[in-house]
Amino acid sequence: MPDITTLAPLVGRWTETIDAPRHLDEPVKGEMTMEWLRDEKVLLQRSIAEDPIFPEGVSLVTAEEEKDTFTVHYFDSRGVARIYDMTLEGRVWKMWREATGPDDFDQRFEGALSEDGSTVEGAFHLTEDGEWIHDFDVTYTRRG
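For the sequence shown, the residue numbers in my numbering are 2 to 145.
Below is the structure:
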């Protein structure tokens, strides 16, 4: 079971800038927070962007005994629920999932936490017709 306290560098309030040229002409601003629930056993992530093309989301991150990765339980304003695997090794934050049905897609995120912990530069990818494609970039900047 991974040690969930290793996720402490992600805890805080962040602004986000989403650059999604496949979807929009201009980058979109938003906010993301990560905070511990009582006793630092579950991490709560919330995100909201200024453009509704990106849904408001809530995730619960847990460490489960039978896994070497964290489990992310994701829910959003569209009514979508997904489960991801996640790691934070050094300054590399990864999250991924496999499709759960014929109309679904594989998805992955990889981000790099700056040495001073003030930013995360990352990108989301997904599969279309069995091929990985770049979906969008995101930059998180620590607010506090």
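Yeah, the Cβ is synthetic: ideal placement off N, Cα and C, and Gly gets one too.
query	result
I'd like the span of the beta strand (DSSP E) that includes G58, first residue to last.	58-64
Since A50 is in the beta strand (DSSP E), which residue starts that stretch and which ends it?	43-50
Are the segment 60-80 and the segment 41-52 touching by the rule of at least three beta carbon pairs closer than 8 angstroms?	yes
Can you give the Cα-Cα distance for D107 and L38, rounded to whole angstroms?	29 angstroms
By Cβ distance, which residues of its chain are closer than 6 angstroms to E66, with the 5 residues on each side in sequence left out?	M2
Going by the CB atoms, is the gap between E57 and S78 shorter than 8 angstroms?	yes
For R92, which option in E122, T72, F55 has the closest C-alpha, if you only look at C-alpha atoms?	E122
List the DSSP bridge partners of T120.	T142
Output yes or no for whether 8 angstroms exceeds the beta carbon distance between V73 and M96.	yes
Helix, strand or coil, according to DSSP, for T6 in the structure here?	helix
Shortest alpha-carbon distance to A50 belongs to which of A21, V12, D104?	A21
Kindly indicate which three-state DSSP category D69 falls into: helix, strand or coil?	coil
Got a sec, what are the start and stop residues for the beta strand (DSSP E) F110 sits in?	108-114
Using a 10 Å radius around the Cβ and a threshold of 16 neighbouring Cβ atoms, would you call S119 buried or exposed?	exposed
Taking L89 as part of the beta strand (DSSP E), name the residues at either end of that continuous run.	82-90
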